[in-house]
Amino acid sequence: MDMEITGQGIRQRQTAADTAAREERFMEELRLARLGDDHLWIAVFGYRVPMPMPAEDVMFDIENLRTGPIVGCYICEQPYSDRRANRACQGERWRHPIRK
Ligand SMILES: [Zn+2]
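Under the working numbering, the residues of the sequence shown are numbered 564 to 663, in order.
Okay, here's the thing in structure tokens:
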């Protein structure tokens with residue numbers, strides 16, 4: 564899905580190819596984090612979006628930003644803390660066999 568990010572001097576059009584490249588890069592970062600038992604910290608923002616979604620030009624800006632950033636580990640799904648950041652990620656061990 565193509566989308567457009569605008570707001571406060573920012574305007575960025577993202578194509579499906581941009582999204583695919585970004586997801587590929589993220590999957591490599593995820594693979595490397597799992598190999599090192601590292602957390603993979605992400606920030607989540609919540610935007611209010613209109614329904615039905617418009618066919619194009621989905622706006623993500625300060626006008627519809629509702630929450631975030633919420634920082635946590637993508638792998639273990641735990642919120643960030645200095646203490647947790649200094650320990651190995653234990654995320655998937657209880658859910659899946661260790662794959663290295
Ligand atoms: Zn983690």
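Even glycine gets a Cβ: it sits at the ideal position worked out from N, Cα and C. What you are looking at is a predicted structure, and each value in this text was computed from that prediction instead of being measured.
(1) Cβ-heavy atom distance between Gly654 and ligand 1 below 7 Å?
(2) State yes or no: is the C-beta of Arg629 within less than 8 Å of the C-beta of Arg611?
(3) Within 8 Å, do at least three Cβ pairs link the stretch 598-616 to the stretch 640-654?
(4) Taking buried to mean at least 16 other C-beta atoms within 10 Å of its own C-beta, is Gly631 buried or exposed?
(5) If distances are taken between C-alpha atoms only, which option among Arg597, Glu592, Ile625, Ala596 comes closest to Phe608?
(6) From this set, Glu619, Gly635, Pro613, Leu598, which residue's C-alpha is nearest Ala579's C-alpha?
On the basis of the data shown:
(1) Stepping through the sequence shown from its first residue, residue 654 is reached at position 91. Under cutoff, so the answer is yes.
(2) Here the question's residue 629 lines up with position 66 in the sequence shown. Here the question's residue 611 lines up with position 48 in the sequence shown. By the CB criterion at 8 Å, Arg629 and Arg611 fall inside the cutoff.
(3) In the pairwise beta carbon analysis, the stretch 640-654 is classified as touching the stretch 598-616: at least three pairs are separated by under 8 Å.
(4) Residue mapping note: residue 631 aligns to position 68 of the sequence shown, counting from 1. With fewer than 16 Cβ atoms within 10 Å of its Cβ, Gly631 is classed as exposed.
(5) As a working mapping, residue 608 is identified with position 45 in the sequence shown. Ranking Arg597, Glu592, Ile625, Ala596 by Cα distance to Phe608 puts Ile625 first.
(6) Sequence index remark: in the sequence shown, residue 579 carries index 16 (1-based). That would be Glu619, whose Cα lies nearest to the Cα of Ala579.
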